[in-house]
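Novice:
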Amino acid sequence: MEKPIVQKLADLEEQAFLNLLRQELDGGADPMGILEDCRAGMVLVGKRFEESTYFISDLMMAGELFKQATNLLAPKMPLSGDASRGKVVVGTVKGDIHDIGKDLVVGMLKANNYDVYDLGVDVPPEKFIEVIKETAAPVLGLSALITTAFESMKDTVDAIKEAGIRSEVKIMIGGGPVNQDVVEYSGADDWGADAQQAVTLCNRFMEG
Amino acid sequence: MDHEKRYQERAGRITRAIHLEPVDRIPIIYMATAFSPRFMGMTQAEFVTNPDAPVEVTIAAMDRLGDLDGVNMMPGAFQTVKLSLLWLSKIAMPGKELPEDELWQVQEAELMTVDDYDLVLDKGWNAFLEGYRPKILDMQLYESHIEWIGKDFSDVPKRFRKAGYDIMACGSTTIPFESLCGARSMPKFFLDLYRIPDKVKAVMDVMLPNLIKMGIRAAELTGVPRVWVGGWRSASALLAPKIWDTLVFPYFFDMISALSEKGILSVLHWDQDWTRDLSRLLEFPAKKCVLNLDGMTDIRKVKEILGDHMAILGDVPATLFATGSPDDIYEYVKSLVHDVGPTGLLLCPGCDGPINTKPENMEAFVAAGREFGVVG
Chain A
35 MEKPIVQKLA DLEEQAFLNL LRQELDGGAD PMGILEDCRA GMVLVGKRFE
85 ESTYFISDLM MAGELFKQAT NLLAPKMPLS GDASRGKVVV GTVKGDIHDI
135 GKDLVVGMLK ANNYDVYDLG VDVPPEKFIE VIKETAAPVL GLSALITTAF
185 ESMKDTVDAI KEAGIRSEVK IMIGGGPVNQ DVVEYSGADD WGADAQQAVT
235 LCNRFMEG
Chain B
10 MDHEKRYQER AGRITRAIHL EPVDRIPIIY MATAFSPRFM GMTQAEFVTN
60 PDAPVEVTIA AMDRLGDLDG VNMMPGAFQT VKLSLLWLSK IAMPGKELPE
110 DELWQVQEAE LMTVDDYDLV LDKGWNAFLE GYRPKILDMQ LYESHIEWIG
160 KDFSDVPKRF RKAGYDIMAC GSTTIPFESL CGARSMPKFF LDLYRIPDKV
210 KAVMDVMLPN LIKMGIRAAE LTGVPRVWVG GWRSASALLA PKIWDTLVFP
260 YFFDMISALS EKGILSVLHW DQDWTRDLSR LLEFPAKKCV LNLDGMTDIR
310 KVKEILGDHM AILGDVPATL FATGSPDDIY EYVKSLVHDV GPTGLLLCPG
360 CDGPINTKPE NMEAFVAAGR EFGVVG
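Residue numbers (our numbering), protein chains in the order written: chain A, 35 to 242; chain B, 10 to 385.
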């Protein structure tokens with residue numbers, strides 16, 4: 035049996051979850067422990083999504099609950115924070131201004147304890163390269179909703195090769211029309227059909 | 010054969026396919042909105058600012074491609090205005106916010122607020138729209154759009170007929186879910202579905218008759234009794250079953266039934282994956298719908314579950330047109346015809362042949378349809 039706070043988040047009961055969280059905080063519970071419970075709730079959400087009992091709307095609602103929780107916890111957290119699972123750079127490629135899928139991926143990665151550098155939309159290859167170099171992030175996520183952006187995905191991968199850092203970064207791609215054909219076309223490493231798969235891919239990449 | 014004879018032959022073929030009757034050849038339907046101008050050497054900026062251009066270049070592209078039976082969505086008017094009115098979102102335009110020859114893009118943002126739900130409940134949907142349109146549209150362009158619709162829209166079917174082509178859908182409408190999702194923005198609207206589902210439902214009930222009227226009006230203006238009923242964010246893969254069962258399905262059911270009572274066929278242009286809920290579609294009136302898919306729904310399951318109930322239009326994926334080879338297209342069409350045809354299948358690009366379709370892939374689609382679609 036999961037703890038009530040874990041269960042309430044996983045069951046998407048917003049008010050009950052937030053009430054419990056506030057009660058625990060007011061009662062002097064360790065914010066890091068509460069954050070861990072929230073992550074456990076998100077893991078349950080991801081599991082239900084993989085089992086097809088949860089759908090995209092459930093992921094979005096869970097992401098919102100997790101965001102509210104982290105906003106409440108942040109002021110009480112120690113400055114050093116907890117150990118992240120790793121750094122990931124994410125953005126929608128040049129020429130494409132869609133952000134919903136990308137934002138969902140960012141939310142799920144954060145909920146799974148990744149440090150995410152979200153570069154926004156319409157991101158040129160040189161910006162991705164700059165941030166990968168700055169952060170030494172070993173994973174890059176590229177998003178696109180329109181088919182013309184496949185070219186930008188390819189340009190980004192090519193530019194990363196030219197910059198001499200391709201072997202240092204795993205590249206995952208995603209977005210409405212993306213599939214294995216686009217992986218082959220762009221030269222990325224893999225693709226995900228949804229935000230949960232992005233987490234699974236990151237976990238795999240981080241394990242090496 | 011003259012154009013009228015050719016039109017009669019093609020229109021008959023399409024009608025028989027819709028009614029699940031035997032056909033001599035599986036109809037091949039064209040749908041490649043932004044590809045057509047590129048194929049014919051016109052910029053996207055001109056395409057979206059000249060209301061007549063979509064009709065001209067679509068017919069020209071179809072002529073150039075060869076033996077197509079019809080067009081999916083009837084083109085004409087200001088493309089980005091049409092999209093804005095359906096999505097209730099702003100559209101970034103080529104030549105304005107975007108480079109001259111790039112594809113228009115939906116700029117989704119929370120332009121309708123939670124308080125606007127009360128406004129709709131209080132004053133009605135049309136009153137809300139009056140105040141909302143200036144937030145999403147260049148009103149001068151909107152006025153020109155309305156003027157063109159009043160003056161030229163009803164002539165478009167005649168122009169296609171004169172060129173020998175039939176029309177699958179003369180206009181478009183959608184269920185309240187989609188319009189609200191565009192107006193509120195998906196991230197906000199999906200939270201509304203959990204937080205205030207009863208209020209959302211009440212607003213949808215106010216909106217529905219207006220959206221049904223939109224479909225009926227298109228059919229009346231053109232004389233084409235087929236209307237496109239769109240679904241994209243309301244797809245099964247995106248929504249919890251409880252939400253789909255209460256805020257999606259009943260509205261499709263009521264809309265299709267109301268259109269059907271007026272003798273109008275619903276072309277269910279449904280993007281994304283609807284596989285989970287296919288059996289619910291058996292509740293729709295038989296042979297009064299065509300299910301138009303984009304390659305994400307399991308079309309073989311559709312055939313298995315709905316094959317005796319409604320025709321299927323689709324579903325060569327947009328990605329394949331953009332990144333695949335003519336051989337890939339040939340293989341896809343061959344297997345589609347084998348598994349889903351010949352009865353009740355109409356071949357079409359899934360969703361829309363994209364702007365960066367390789368011309369040789371569109372040509373391969375038509376050629377494959379001709380080669381594998383012949384029956385007997």
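For every residue, glycine included, the Cβ atom is placed at its ideal position computed from N, Cα and C.
Under 8 Å Cβ to Cβ from Gly125(A), same chain only, skipping five residues before and after it: list those, please.
Specialist: Position 91 of the first sequence holds residue 125(A). Result list for Gly125(A): Lys136, Asp152, Leu153, Gly154, Val155, Val157, Lys161, Phe162, Gly175, Leu176, Ser177, in chain order.
Novice: Pull up the distance between the alpha-carbon of Met111(A) and that of Ala74(A), whole angstroms please.
Specialist: Along the first sequence, one-based indexing puts residue 111(A) at 77. Along the first sequence, one-based indexing puts residue 74(A) at 40. Approximately 18 Å between the Cα atoms of the pair.
Novice: Quick one, are the C-beta atoms of Asp175(B) and Arg19(B) less than 7 Å apart?
Specialist: Working through the second sequence from its first residue, we reach residue 175(B) at position 166. Working through the second sequence from its first residue, we reach residue 19(B) at position 10. Going by C-beta atoms, Asp175(B) is nearer than 7 Å to Arg19(B).
Novice: For Gln114(B) and Ile131(A), which I take to be in contact (beta-carbon distance under 8 Å), what is that distance rounded to the nearest angstrom?
Specialist: Looking up residue 114(B) in the second sequence gives position 105. Looking up residue 131(A) in the first sequence gives position 97. Right, their Cβ atoms sit about 5 Å apart.
Novice: Can you check whether the C-beta of Glu98(A) is within less than 7 Å of a C-beta belonging to chain B?
Specialist: Here the question's residue 98(A) lines up with position 64 in the first sequence. By this cut-off, Glu98(A) is an interface position.
Novice: Anything in chain B within Cβ reach of Leu46(A), meaning under 7 Å, just list it in chain order.
Specialist: Position 12 of the first sequence, counted from the start, is the residue given in the question as residue 46(A). Residues of chain B passing the Cβ test: Tyr203.
Novice: For Tyr151(A), decide whether its Cβ has a neighbour in chain B, counting only Cβ atoms nearer than 7 Å.
Specialist: To locate residue 151(A), count along the first sequence from 1; it is residue 117. Chain B, which has no Cβ nearer than 7 Å to the Cβ of Tyr151(A), makes this no.
Novice: Below 7 Å CB to CB, which residues in the same chain sit around Pro368(B) once its five sequence neighbours on both sides are set aside?
Specialist: Here the question's residue 368(B) lines up with position 359 in the second sequence. Only Phe48 meet the Cβ criterion.
Novice: Would you kindly check if the distance between the Cβ of Pro294(B) and the Cβ of Ser275(B) is under 7 Å?
Specialist: Taking the first residue of the second sequence as position 1, residue 275(B) is located at position 266. Taking the first residue of the second sequence as position 1, residue 294(B) is located at position 285. Their beta carbons are not under 7 Å apart, which means Ser275(B) does not touch Pro294(B) by this criterion.
Novice: Do you know whose CA, among Arg235(B), Ile155(B), Pro108(B), lies nearest Ser181(B)'s CA?
Specialist: By one-based count along the second sequence, residue 181(B) stands at place 172. Closest by alpha carbon: Arg235(B).
Novice: Please identify the residue among Lys42(A), Glu185(A), Leu93(A) whose C-alpha is closest to the C-alpha of Gly129(A).
Specialist: Taking the first residue of the first sequence as position 1, residue 129(A) is located at position 95. Measuring from the Cα of Gly129(A), the nearest candidate turns out to be Glu185(A).
Novice: Take Gln230(A) as the anchor and find which of Gly242(A), Lys81(A), Asp224(A), Val122(A) has the nearest alpha-carbon.
Specialist: Here residue 230(A) is taken as the residue at index 196 of the first sequence, counted from 1. Comparing Cα positions, the closest option is Lys81(A).
Novice: Just checking, does the segment 146-155 of chain B make contact with the segment 80-96 of chain B on the three C-beta pairs under 8 Å criterion?
Specialist: Short answer: they touch.
Novice: Using only the alpha-carbon positions, how far apart do Leu107(B) and Pro351(B) sit?
Specialist: Your numbering for residue 107(B) matches position 98 in the second sequence. Your numbering for residue 351(B) matches position 342 in the second sequence. The straight-line gap from Cα to Cα measures roughly 43 Å.
Novice: Could you compute how far the alpha carbon of Val40(A) sits from the alpha carbon of Glu65(B)?
Specialist: Indexing the first sequence from 1 puts residue 40(A) at position 6. Indexing the second sequence from 1 puts residue 65(B) at position 56. Looking at the two C-alpha atoms, the distance is approximately 59 Å.
Novice: Hey, is Pro211(A)'s beta-carbon within less than 7 Å of any beta-carbon in chain B?
Specialist: Taking the first sequence and counting its residues from 1, one reaches residue 211(A) at position 177. Closer than 7 Å to some Cβ of chain B, the Cβ of Pro211(A) qualifies, so yes.
Novice: Establish whether the CB of Asp92(A) and some CB of chain B are separated by less than 7 Å.
Specialist: Here residue 92(A) is taken as the residue at index 58 of the first sequence, counted from 1. Chain B, which has a Cβ nearer than 7 Å to the Cβ of Asp92(A), makes this yes.
Novice: Return the CA-CA distance between Val292(A) and Met94(A), expressed in angstroms with no decimal places.
Specialist: Residue 292(A) lies beyond the range of chain A shown here (35 to 242); nothing can be said about it.
Novice: Can you grab the Cα-Cα spacing for the pair Lys271(B) / Val80(B), in whole Å?
Specialist: Position 262 of the second sequence, counting from 1, holds the residue named residue 271(B). Position 71 of the second sequence, counting from 1, holds the residue named residue 80(B). Each residue's alpha carbon lies about 23 Å from the other.
Novice: Exposed or buried, what is Gly61(A) when buried is set at 16 or more other beta-carbons lying within 10 Å of its beta-carbon?
Specialist: Along the first sequence, one-based indexing puts residue 61(A) at 27. By the neighbour-count rule (16 or more Cβ atoms within 10 Å), Gly61(A) is not buried but exposed.
Novice: Using the C-alpha atoms, what's the distance from Thr328(B) back to Gly362(B)?
Specialist: By 1-based counting over the second sequence, the position of residue 362(B) is 353. By 1-based counting over the second sequence, the position of residue 328(B) is 319. Taking the straight line joining both Cα atoms gives about 9 Å.
Novice: Taking only beta-carbon atoms, is Ile131(A) less than 7 Å away from chain B?
Specialist: Your numbering for residue 131(A) matches position 97 in the first sequence. It does; some Cβ of chain B falls within 7 Å.
Novice: Confirm, please, whether the CB-CB distance from Leu322(B) to Cys357(B) is below 7 Å.
Specialist: Taking the first residue of the second sequence as 1, we reach residue 357(B) at position 348. Taking the first residue of the second sequence as 1, we reach residue 322(B) at position 313. Taking 7 Å as the Cβ cut-off, Cys357(B) and Leu322(B) qualify as a contacting pair.
Novice: Can you check whether the C-beta of Asn365(B) is within less than 7 Å of a C-beta belonging to chain A?
Specialist: Residue mapping note: residue 365(B) aligns to position 356 of the second sequence, counting from 1. Yes - at least one Cβ of chain A is within 7 Å of the one on Asn365(B).
Novice: Residues of chain A with CB under 8 Å from Met102(B), in chain order?
Specialist: Residue numbering aside, residue 102(B) sits at position 93 when the second sequence is read from its first letter. Here the premise fails: no neighbours, minimum Cβ distance about 12 Å.
Novice: What's the C-alpha gap between Pro60(B) and Val212(B)?
Specialist: Counting from one through the second sequence, the residue named residue 60(B) turns up at place 51. Counting from one through the second sequence, the residue named residue 212(B) turns up at place 203. Approximately 33 Å, taken between the alpha carbons.
Novice: Taking only the alpha-carbon atoms, compute the straight-line gap between Glu13(B) and Val57(B) and give it to the nearest angstrom.
Specialist: As a first step, residue 13(B) must be located in the second sequence, where it is residue number 4. As a first step, residue 57(B) must be located in the second sequence, where it is residue number 48. Using only the alpha carbons, I get a separation of about 30 Å.
Novice: I'd like the span of the alpha helix (DSSP H) that includes Cys72(A), first residue to last.
Specialist: If you number the first sequence from 1, residue 72(A) lands on position 38. Taken as a continuous stretch (DSSP letters only), the alpha helix (DSSP H) holding Cys72(A) covers 65-84.
Novice: Using DSSP with H/G/I as helix, E/B as strand and the rest coil, what is Thr1(B)?
Specialist: With chain B running from 10 to 385 in the structure shown, residue 1(B) is simply not present.
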